[in-house]
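**Student:** By this note's numbering, the letter at position 46 of the sequence shown is numbered 51, and the numbering carries on one by one without gaps. All residues carry an ideal CB built from backbone N, CA and C; glycine is no exception. Here it is: the structure, laid out below.
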Amino acid sequence: NQKDNIFRRQKTKMSENTSKWMKELDDDLYLNEINLPGTHDTCAYHCIIFAKCQNRSLSEQLNAGIRYIDIRCRHKGDTFRLHHAQINLRLEFDKDVQDVCIDFLKQNPSETIVMLIKQEYTPKNNQKRFDEVLHNYIRDYTADYWHLEEKVPRLGDVRGKIVLLRRFESAIRPLGIDMTGNFSILS
6 NQKDNIFRRQ KTKMSENTSK WMKELDDDLY LNEINLPGTH DTCAYHCIIF
56 AKCQNRSLSE QLNAGIRYID IRCRHKGDTF RLHHAQINLR LEFDKDVQDV
106 CIDFLKQNPS ETIVMLIKQE YTPKNNQKRF DEVLHNYIRD YTADYWHLEE
156 KVPRLGDVRG KIVLLRRFES AIRPLGIDMT GNFSILS
């Protein structure tokens, strides 16, 4: 049947270059119409065995086709360190997540990354709110690479960008799609 042949052809194209699989998709698709491969606790690859969730670095995951990433940040000293519960992953949000994602998107502008950010573990020694710190990370150097609107976008509008999903309260608007439970993401 013709539909099955199209699927096989699409599957073959996608498997040949996993770092650029989204380029085969129609710009008019809303992101919630695409099955995005993703990982839980994406950066828990560099830690003690009982906390380890991944075997590949963030860069390796993106190159393997992962497009939904789950980032857990501890808010400490008005910076973000990556954590898995109380376990410090010894990674920083700016250089080990944001920079890696932007470098990937520069090399693969047909792609988009959906990033869920959640506050993890106990905040400590902060003068700013969690949302203010994230806004500073984004605003200072990388705003052009982020999609911060509160509604689900079409793929064509966010190619080459990181789409933010947030699991934290924010007084700053827009600052991504609210996934805290008090949200409306469709019209």
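1) Nearest to Gln103 by CA position, among Gly161, Asp32, Leu169, is which residue?
2) Per DSSP, Asn93 forms a beta bridge with which residues?
3) Return the Cβ separation of Ala49 and His80 in integer angstroms, given the expectation that the two are a contact with Cβ distance under 8 Å.
4) Tell me whether Lys129 sits in a helix, a strand or coil according to DSSP, three-state version.
5) Pick helix, strand or coil for Gly43, following the three-state DSSP scheme.
6) Check whether the segment 150-164 and the segment 60-76 touch, using three or more Cβ-Cβ pairs below 8 Å as the test.
7) So, under 8 Å CB-CB, Tyr35 and Val119 are touching, yes? Tell me the CB distance rounded to an integer number of Å.
8) Give me the Cα-Cα distance between Glu29 and Tyr73, rounded to the nearest whole angstrom.
9) Who pairs with Asp75 in a beta bridge, going by DSSP?
10) Within 10 angstroms of the Cβ of Asp136, are there 16 or more other Cβ atoms? Answer buried if so, exposed if not.
11) Assign Gly181 to one of two classes, buried (16 or more other C-beta atoms within 10 Å of its C-beta) or exposed (fewer than that).
12) Taking Cβ to Cβ, would you say Asp32 is nearer than 8 Å to Leu160?
**Tutor:** With the given structure in hand:
1) The count along the sequence shown starts at 1 and reaches residue 103 at position 98. The shortest C-alpha separation from Gln103 is found at Leu169.
2) The sequence position of residue 93 within the sequence shown is 88, counting from 1. The partner list for Asn93 (beta bridge, DSSP) reads His88.
3) Against the sequence shown, residue 49 aligns to sequence position 44. Against the sequence shown, residue 80 aligns to sequence position 75. Incorrect: roughly 18 Å between the Cβ atoms, too far for contact.
4) Here the question's residue 129 lines up with position 124 in the sequence shown. Looking at Lys129 - three-state DSSP - the assignment turns out to be strand.
5) On the sequence shown, residue 43 is found 38 positions in, with the first residue counted as 1. Note: Gly43 maps to strand in three-state DSSP.
6) no
7) Taking the first residue of the sequence shown as 1, we reach residue 35 at position 30. Taking the first residue of the sequence shown as 1, we reach residue 119 at position 114. Not quite, the Cβ-Cβ distance comes to about 12 Å (not below 8 Å), so this is no contact.
8) The residue you call residue 29 lines up with position 24 of the sequence shown. The residue you call residue 73 lines up with position 68 of the sequence shown. Approximately 18 Å between the Cα atoms of the pair.
9) Here residue 75 refers to the residue found at position 70 of the sequence shown. In DSSP, Asp75 forms a bridge with Leu121.
10) Here residue 136 corresponds to residue number 131 of the sequence shown, with the count starting at 1. The residue is buried, with at least 16 neighbouring Cβ atoms inside 10 Å.
11) Your numbering for residue 181 matches position 176 in the sequence shown. By the neighbour-count rule (16 or more Cβ atoms within 10 Å), Gly181 is buried.
12) Taking the sequence shown and counting its residues from 1, the one referred to as residue 32 is at position 27. Taking the sequence shown and counting its residues from 1, the one referred to as residue 160 is at position 155. Closer than 8 Å, so yes.
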